[in-house]
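Participant: Sequences listed follow chains A and B, in order.
So in the working numbering, the last one in the first sequence is 489, and the numbering has no gaps at all.
So in the working numbering, the last one in the second sequence is 489, and the numbering has no gaps at all.
Using N, Cα and C, we set each Cβ at its ideal position, and we do this for glycine too.
Since the structure is predicted, the reported quantities are computational estimates derived from the model, not experimental observations.
The structure under discussion is supplied below as structure tokens; questions concerning it will follow.
There are 2 protein chains.
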Amino acid sequence: MRWNLPVSEMPTTWFNVVPHLSKPLEPPLHPGTRQPLGPEDLSPLFPMALIGQEVTTEPTVEIPGEVIDVLRLWRPTPLVRAVRLEKALGTPARIYFKDESVSPAGSHKPNTAVPQAFYNKAEGVARLTTETGAGQWGSALSFASAIYGLECMVYMVRASYEQKPYRRVLMETWGGRAVPSPVDDPSHPGSLGTAISDAVKDAASRADTHYSLGSVLNHVLLHQTIIGQEAQAQLARAGETRPDVVIGCCGGGSNLGGISLPFVPDGDVRLLAVEPASCPTLTAGKLEYDYGDAAGYAPLLLMYTLGHDFIPPSIHAGGLRYHGDAPIISNLVSTGRMEAVAYPQTKTFDAALTWARSQGTVPAPETGHAIRAVIDEALAAKEAGKEKVILFNYSGHGLLDLSAYDSYLQGELKD
Amino acid sequence: MRWNLPVSEMPTTWFNVVPHLSKPLEPPLHPGTRQPLGPEDLSPLFPMALIGQEVTTEPTVEIPGEVIDVLRLWRPTPLVRAVRLEKALGTPARIYFKDESVSPAGSHKPNTAVPQAFYNKAEGVARLTTETGAGQWGSALSFASAIYGLECMVYMVRASYEQKPYRRVLMETWGGRAVPSPVDDPSHPGSLGTAISDAVKDAASRADTHYSLGSVLNHVLLHQTIIGQEAQAQLARAGETRPDVVIGCCGGGSNLGGISLPFVPDGDVRLLAVEPASCPTLTAGKLEYDYGDAAGYAPLLLMYTLGHDFIPPSIHAGGLRYHGDAPIISNLVSTGRMEAVAYPQTKTFDAALTWARSQGTVPAPETGHAIRAVIDEALAAKEAGKEKVILFNYSGHGLLDLSAYDSYLQGELKD
Numbered sequence: 075m076r077w078n079l080p081v082s083e084m085p086t087t088w089f090n091v092v093p094h095l096s097k098p099l100e101p102p103l104h105p106g107t108r109q110p111l112g113p114e115d116l117s118p119l120f121p122m123a124l125i126g127q128e129v130t131t132e133p134t135v136e137i138p139g140e141v142i143d144v145l146r147l148w149r150p151t152p153l154v155r156a157v158r159l160e161k162a163l164g165t166p167a168r169i170y171f172k173d174e175s176v177s178p179a180g181s182h183k184p185n186t187a188v189p190q191a192f193y194n195k196a197e198g199v200a201r202l203t204t205e206t207g208a209g210q211w212g213s214a215l216s217f218a219s220a221i222y223g224l225e226c227m228v229y230m231v232r233a234s235y236e237q238k239p240y241r242r243v244l245m246e247t248w249g250g251r252a253v254p255s256p257v258d259d260p261s262h263p264g265s266l267g268t269a270i271s272d273a274v275k276d277a278a279s280r281a282d283t284h285y286s287l288g289s290v291l292n293h294v295l296l297h298q299t300i301i302g303q304e305a306q307a308q309l310a311r312a313g314e315t316r317p318d319v320v321i322g323c324c325g326g327g328s329n330l331g332g333i334s335l336p337f338v339p340d341g342d343v344r345l346l347a348v349e350p351a352s353c354p355t356l357t358a359g360k361l362e363y364d365y366g367d368a369a370g371y372a373p374l375l376l377m378y379t380l381g382h383d384f385i386p387p388s389i390h391a392g393g394l395r396y397h398g399d400a401p402i403i404s405n406l407v408s409t410g411r412m413e414a415v416a417y418p419q420t421k422t423f424d425a426a427l428t429w430a431r432s433q434g435t436v437p438a439p440e441t442g443h444a445i446r447a448v449i450d451e452a453l454a455a456k457e458a459g460k461e462k463v464i465l466f467n468y469s470g471h472g473l474l475d476l477s478a479y480d481s482y483l484q485g486e487l488k489d
Numbered sequence: 075m076r077w078n079l080p081v082s083e084m085p086t087t088w089f090n091v092v093p094h095l096s097k098p099l100e101p102p103l104h105p106g107t108r109q110p111l112g113p114e115d116l117s118p119l120f121p122m123a124l125i126g127q128e129v130t131t132e133p134t135v136e137i138p139g140e141v142i143d144v145l146r147l148w149r150p151t152p153l154v155r156a157v158r159l160e161k162a163l164g165t166p167a168r169i170y171f172k173d174e175s176v177s178p179a180g181s182h183k184p185n186t187a188v189p190q191a192f193y194n195k196a197e198g199v200a201r202l203t204t205e206t207g208a209g210q211w212g213s214a215l216s217f218a219s220a221i222y223g224l225e226c227m228v229y230m231v232r233a234s235y236e237q238k239p240y241r242r243v244l245m246e247t248w249g250g251r252a253v254p255s256p257v258d259d260p261s262h263p264g265s266l267g268t269a270i271s272d273a274v275k276d277a278a279s280r281a282d283t284h285y286s287l288g289s290v291l292n293h294v295l296l297h298q299t300i301i302g303q304e305a306q307a308q309l310a311r312a313g314e315t316r317p318d319v320v321i322g323c324c325g326g327g328s329n330l331g332g333i334s335l336p337f338v339p340d341g342d343v344r345l346l347a348v349e350p351a352s353c354p355t356l357t358a359g360k361l362e363y364d365y366g367d368a369a370g371y372a373p374l375l376l377m378y379t380l381g382h383d384f385i386p387p388s389i390h391a392g393g394l395r396y397h398g399d400a401p402i403i404s405n406l407v408s409t410g411r412m413e414a415v416a417y418p419q420t421k422t423f424d425a426a427l428t429w430a431r432s433q434g435t436v437p438a439p440e441t442g443h444a445i446r447a448v449i450d451e452a453l454a455a456k457e458a459g460k461e462k463v464i465l466f467n468y469s470g471h472g473l474l475d476l477s478a479y480d481s482y483l484q485g486e487l488k489d
């Protein structure tokens with residue numbers, strides 16, 4: 075069962091959670107001086123519109139009409155009730171999901187790539203740089219750059235560049251350029267840290283170029299709140315008052331923030347972050363100021379972190395391999411407004427296979443983490459003999475991750 | 075701009091074009107006796123329900139409720155106006171497409187895989203066999219088999235099995251089993267002909283097993299007419315009286331038939347088939363009785379054919395590499411009701427790239443053929459300074475065909 079929102083009812087503003095936080099956010103610090111950052115520190119890398127959104131305390135931010143026009147290529151995304159999964163589990167829970175896999179890049183990432191490209195274009199920037207691991211974010215920004223006629227240069231972790239050619243081809247199909255990172259050491263396998271360094275260095279060295287980030291920052295989570303706002307309108311159409319729990323997987327926090335932040339003001343709604351046991355930032359990290367990148371070039375953020383030199387094992391859910399978390403998500407967890415749980419990857423692939431064989435679609439390994447928690451919540455409802463309304467974010471499809479499924483099916487996956 | 079049809083308005087019957095043909099269809103002939111086939115000849119391979127649909131002259135056939143329940147996992151599919159492509163071309167034409175890429179298997183194929191699996195299950199069959207080239211059909215049938223709890227055995231052309239592991243993994247993710255064909259000669263690269271032989275032989279040798287075909291036959295095209303019927307309802311919502319032309323790519327003819335057959339009775343609507351210049355069945359083949367497979371085990375069908383021993387060059391649009399065409403499509407072309415055009419593959423990839431960089435999604439190479447013709451029709455409208463309403467079938471996405479895009483972008487593609 076699906077609830078399609080009419081295009082005319084797509085939200086026209088983003089939801090800002092900042093006024094609803096029980097504890098104020100702490101400012102980012104300059105990596106050199108460790109003093110709070112000012113707009114002038116960020117302007118070589120970001121357009122003023124995004125810097126403004128990063129610090130705004132207004133309850134809503136208007137979405138520009140030119141951005142809405144592009145988002146409408148695939149939005150509003152459907153809200154779907156996973157009836158076949160419910161039957162397979164024999165649960166009294168009603169399970170709903172937002173299907174963000176329907177975007178051109180196959181995930182929620184274009185929700186922020188499009189406005190970021192738009193604001194940069196509007197301020198006269200001709201070229202964007204970014205980093206990418208497995209390629210989800212790099213392909214989303216390549217797509218958005220194609221739409222606005224921007225050049226897009228993606229520094230891709232060398233190991234992924236060599237092992238996962240499909241996402242590179244996807245970027246090139248949209249006219250983006252991907253190069254392996256680190257650029258100055260062809261024998262180095264690379265990491266998100268080296269790729270951020272390459273991308274920031276490039277952007278800082280050219281007046282026509284800005285840098286773009288796909289998660290963690292406040293303005294990125296802001297852009298993603300269109301997901302949760304649509305879900306609220308669609309749940310009402312489905313006859314539900316509210317979800318009992320909202321679930322999303324969490325790497326940097328952008329898809330989780332997107333679906334959950336609009337529910338923060340409603341204290342009757344539980345919020346649940348799901349992370350990999352191999353990179354357990356929220357469940358085992360420390361809340362402290364840490365660098366956003368491995369090399370220490372990026373600002374310090376107050377967040378749950380495993381340490382900026384932590385190198386997560388190379389699990390297949392590449393999008394969840396980040397040493398820190400969005401300051402907003404960290405804030406919510408530290409105040410108890412949001413819960414967090416961690417799973418080893420074989421358990422998440424087990425859940426993903428249950429999903430594929432009941433609901434029919436193949437989820438991204440990242441999304442498999444959310445599905446694992448959804449199934450456990452639904453089984454708990456069955457155990458308790460209680461109704462429960464579960465909402466989660468189907469953040470992306472797994473069609474470019476089939477080698478991971480192959481490893482799992484062959485019994486080669488390790489936790 | 076998109077027009078979503080409410081789930082409650084999904085068609086509940088399939089449209090049968092047979093009563094609307096200006097010339098009757100000729101019967102299939104037995105490959106041994108060359109006499110018209112009877113139901114008893116087909117019953118070892120197909121359930122009686124499908125044999126009945128193959129020969130029915132009723133104007134509509136009811137879709138079983140259990141099939142509708144499953145089709146609703148992704149149907150109705152959106153009708154979308156390709157506004158950004160129109161702008162990129164500067165055309166006065168209005169271009170609409172049905173987005174069949176949103177199905178779990180990423181193409182229109184599940185529209186028939188689901189009812190075929192359902193009818194076999196209903197008649198007590200426990201196992202299905204089929205052939206697949208690049209894997210689109212094999213993955214669709216694996217998905218449908220997972221839904222109904224059937225075993226699914228896919229004989230996959232050995233060259234594809236070895237070169238394109240991703241679609242094999244997709245089949246296995248749904249619980250299907252794929253083996254390279256021919257099974258008895260590991261040094262043979264295989265062909266659709268050898269794979270059909272393996273699949274038919276397997277099904278004929280086991281009482282619990284039937285054979286399933288993904289295109290060409292009347293009942294397959296019948297199941298696909300849900301596409302064109304939905305499009306008619308959605309075009310009306312978009313304020314269009316009728317399309318001037320309906321376009322689809324054509325291999326066996328199932329996606330083309332699906333979108334175009336419901337328009338056959340309206341003589342003001344042009345119908346256009348698009349095929350590869352390297353396998354020009356409709357534009358350069360002969361209309362005659364020929365075997366459905368290379369080995370001559372399958373029935374003879376009256377169709378445009380290049381000869382059952384014709385081996386098409388290995389272009390990337392694997393779904394269009396068939397020596398013949400559906401008898402219904404052949405009938406429509408031979409009577410002048412449908413037109414046909416052929417394009418070399420580089421021109422279709424050029425069109426696919428124009429699409430990806432304006433509309434944002436990456437089409438299957440097969441779908442790129444339809445887009446090539448759409449662009450040429452739109453440019454002709456621009457040249458003539460005339461409005462025109464174009465409808466085409468976006469039959470599938472190209473996310474598992476990115477190596478083909480890589481070849482094109484590297485300049486390595488040959489016609």
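#1: At the level of alpha carbons, what is the spacing between A:Leu-376 and A:Leu-406?
#2: Taking the straight line between their C-alpha atoms, what separation do you get for B:Asp-475 and A:Val-243?
#3: Touch check for the region 96 to 105 of chain B and the region 467 to 482 of chain A: three-plus C-beta pairs under 8 Å?
#4: Please classify B:Thr-420: is it buried, with 16 or more other beta-carbons within 10 angstroms of its beta-carbon, or exposed?
#5: Can you tell me where the alpha helix (DSSP H) with A:Glu-440 in it begins and where it stops?
#6: Who are A:Val-228's beta bridge partners in DSSP?
#7: Does the Cβ of A:Ala-458 have 16 or more other Cβ atoms within 10 Å, making it buried, or fewer, making it exposed?
#8: Decide if A:Asp-272 is buried, meaning its Cβ has at least 16 other Cβ atoms within 10 Å, or exposed.
#9: Determine whether the Cβ of A:Thr-435 lies closer than 8 Å to any Cβ atom of chain B.
#10: Tell me which residues of the region 242 to 269 of chain A have at least one Cβ-Cβ distance to chain B shorter than 7 Å, keeping chain order.
#11: Which runs of the beta strand (DSSP E), 3 residues or longer, sit entirely within the region 382 to 446 of chain A?
#12: In three-state DSSP terms, what is A:Arg-108?
#13: Would you check if the region 292 to 305 of chain A and the region 83 to 100 of chain A touch, i.e. whether three or more CB-CB distances between them fall below 8 Å?
#14: Kindly list the residues whose CB is nearer than 8 Å to the CB of A:Asp-282, restricted to its own chain and excluding five residues on each side of it in sequence; keep chain order.
#15: For A:Ala-310, count neighbouring Cβ atoms within 10 angstroms of its own Cβ and tell me buried if that reaches 16, exposed if not.
#16: I'd like to know whether the C-beta atoms of B:Leu-361 and B:Glu-413 end up nearer to each other than 8 Å.
#17: Run through chain B and tell me which residues come within less than 7 Å of A:Pro-513, C-beta to C-beta.
#18: Tell me the residue span of the alpha helix (DSSP H) that contains A:Pro-239.
#19: Do the region 225 to 232 of chain A and the region 200 to 215 of chain A make contact, defined as three or more Cβ pairs closer than 8 Å?
#20: Can you say whether A:Arg-411 is buried or exposed, counting buried as having 16 or more other CB atoms within 10 angstroms of its CB?
#21: At the level of alpha carbons, what is the spacing between B:Gly-381 and B:Asp-364?
#22: With DSSP as the reference, label B:Asn-78 as helix, strand or coil.
#23: Please list the partners that B:Arg-431 has in chain A, where partner means a Cβ-to-Cβ separation under 7 Å.
#24: Less than 8 Å between the CB atoms is what I'm expecting for B:Tyr-193 and B:Pro-121, so what's the real figure, rounded?
#25: Is there at least one Cβ from chain B nearer than 8 Å to A:Arg-316's Cβ?
#26: If you reduce the DSSP assignment to three classes, tell me which class B:Gly-370 lands in.
#27: Give the DSSP-derived three-state secondary structure of A:Leu-330 in the structure shown.
#28: Quick check on A:Thr-131: buried or exposed, where buried means 16 or more other Cβ atoms within 10 Å of its Cβ?
#29: Cα separation between A:Ser-255 and A:Ser-213?
#30: Measure the alpha-carbon distance for B:Arg-316 versus A:Gly-313 and round it to whole angstroms.
#31: Using a Cβ-Cβ cutoff of less than 7 Å, which residues in the same chain neighbour A:Leu-356 once the five nearest sequence positions on both sides are dropped?
#32: What did DSSP end up calling A:Asn-90 once you bin it into helix, strand or coil?
#33: By the three-class DSSP mapping on this structure, what secondary structure does A:Arg-168 have?
#34: Under 8 Å: do the region 147 to 159 of chain B and the region 169 to 184 of chain B share three or more Cβ pairs, one atom per stretch?
#35: Strictly under 8 Å for the Cβ-Cβ distance: is B:Asn-90 near chain A by that measure?
Facilitator: Looking at the atomic coordinates:
#1: Here residue 376 of chain A is taken as the residue at index 302 of the first sequence, counted from 1. Here residue 406 of chain A is taken as the residue at index 332 of the first sequence, counted from 1. Cα-Cα distance, rounded: 12 Å.
#2: On the second sequence, position 401 is the one that residue 475 of chain B refers to. On the first sequence, position 169 is the one that residue 243 of chain A refers to. Their Cα atoms are separated by approximately 10 Å.
#3: no
#4: Reading the second sequence from its first residue, position 346 is the one you call residue 420 of chain B. Its Cβ having fewer than 16 others within 10 Å, B:Thr-420 is exposed.
#5: On the first sequence, position 366 is the one that residue 440 of chain A refers to. A:Glu-440 -> alpha helix (DSSP H) spans 439 to 458.
#6: Against the first sequence, residue 228 of chain A aligns to sequence position 154. The partner list for A:Val-228 (beta bridge, DSSP) reads A:Thr-204 and A:Ala-252.
#7: Locating residue 458 of chain A in the first sequence gives position 384, where the first residue counts as 1. The residue is exposed, with fewer than 16 neighbouring Cβ atoms inside 10 Å.
#8: For the purposes of this step, residue 272 of chain A is identified with residue 198 of the first sequence, where counting begins at 1. That one is buried.
#9: Working through the first sequence from its first residue, we reach residue 435 of chain A at position 361. So, interface residue.
#10: Val-243, Leu-244, Glu-246, Thr-247, Trp-248 and Gly-249
#11: 413 to 417
#12: Counting from one through the first sequence, the residue named residue 108 of chain A turns up at place 34. Looking at A:Arg-108 - three-state DSSP - the assignment turns out to be coil, as it is neither helix nor strand.
#13: yes
#14: Residue mapping note: residue 282 of chain A aligns to position 208 of the first sequence, counting from 1. Same-chain partners within the cutoff: Val-199, Ala-200 and Arg-201.
#15: Mapped onto the first sequence, residue 310 of chain A falls at position 236. Its Cβ having fewer than 16 others within 10 Å, A:Ala-310 is exposed.
#16: Taking the first residue of the second sequence as 1, we reach residue 361 of chain B at position 287. Taking the first residue of the second sequence as 1, we reach residue 413 of chain B at position 339. Result no, Cβ atoms of B:Leu-361 and B:Glu-413 do not sit closer than 8 Å.
#17: Past the boundaries of the shown model lies residue 513 of chain A; chain A is included only from 75 to 489, so the question cannot be answered.
#18: Within the first sequence, the letter at position 165 stands for residue 239 of chain A. Per DSSP, A:Pro-239 belongs to the alpha helix (DSSP H) from 239 to 247.
#19: yes
#20: By 1-based counting over the first sequence, the position of residue 411 of chain A is 337. By the neighbour-count rule (16 or more Cβ atoms within 10 Å), A:Arg-411 is buried.
#21: For the purposes of this step, residue 381 of chain B is taken as residue 307 along the second sequence, with counting starting at 1. For the purposes of this step, residue 364 of chain B is taken as residue 290 along the second sequence, with counting starting at 1. Their Cα atoms are separated by approximately 7 Å.
#22: In the second sequence, the residue the question calls residue 78 of chain B occupies position 4. Three-state result, B:Asn-78: coil.
#23: Here the question's residue 431 of chain B lines up with position 357 in the second sequence. Result: Ala-220, Trp-248 and Gly-249.
#24: As a position in the second sequence, residue 193 of chain B is number 119, starting the count at 1. As a position in the second sequence, residue 121 of chain B is number 47, starting the count at 1. Confirmed, about 5 Å.
#25: For the purposes of this step, residue 316 of chain A is taken as residue 242 along the first sequence, with counting starting at 1. With 8 Å as the cut-off, A:Arg-316 does not count as an interface residue toward chain B.
#26: Here the question's residue 370 of chain B lines up with position 296 in the second sequence. In the structure shown, B:Gly-370 sits in coil (DSSP, three-state: anything other than H, G, I, E or B).
#27: Against the first sequence, residue 330 of chain A aligns to sequence position 256. Here A:Leu-330 sits in helix by DSSP.
#28: Position 57 of the first sequence holds residue 131 of chain A. Label assigned to A:Thr-131: exposed.
#29: On the first sequence, position 181 is the one that residue 255 of chain A refers to. On the first sequence, position 139 is the one that residue 213 of chain A refers to. Cα-Cα distance, rounded: 16 Å.
#30: To locate residue 316 of chain B, count along the second sequence from 1; it is residue 242. To locate residue 313 of chain A, count along the first sequence from 1; it is residue 239. Straight-line Cα distance between these residues: approximately 36 Å.
#31: To locate residue 356 of chain A, count along the first sequence from 1; it is residue 282. So the qualifying residues of the chain are Cys-324, Ala-347, Glu-349, Tyr-378, Asp-399, Val-407 and Ala-414.
#32: The sequence position of residue 90 of chain A within the first sequence is 16, counting from 1. A:Asn-90: coil per DSSP, three-state reduction.
#33: On the first sequence, residue 168 of chain A is found 94 positions in, with the first residue counted as 1. The answer is strand: DSSP assigns A:Arg-168 an E or B state.
#34: yes
#35: On the second sequence, residue 90 of chain B is found 16 positions in, with the first residue counted as 1. Cβ-Cβ to chain A under 8 Å: no for B:Asn-90.
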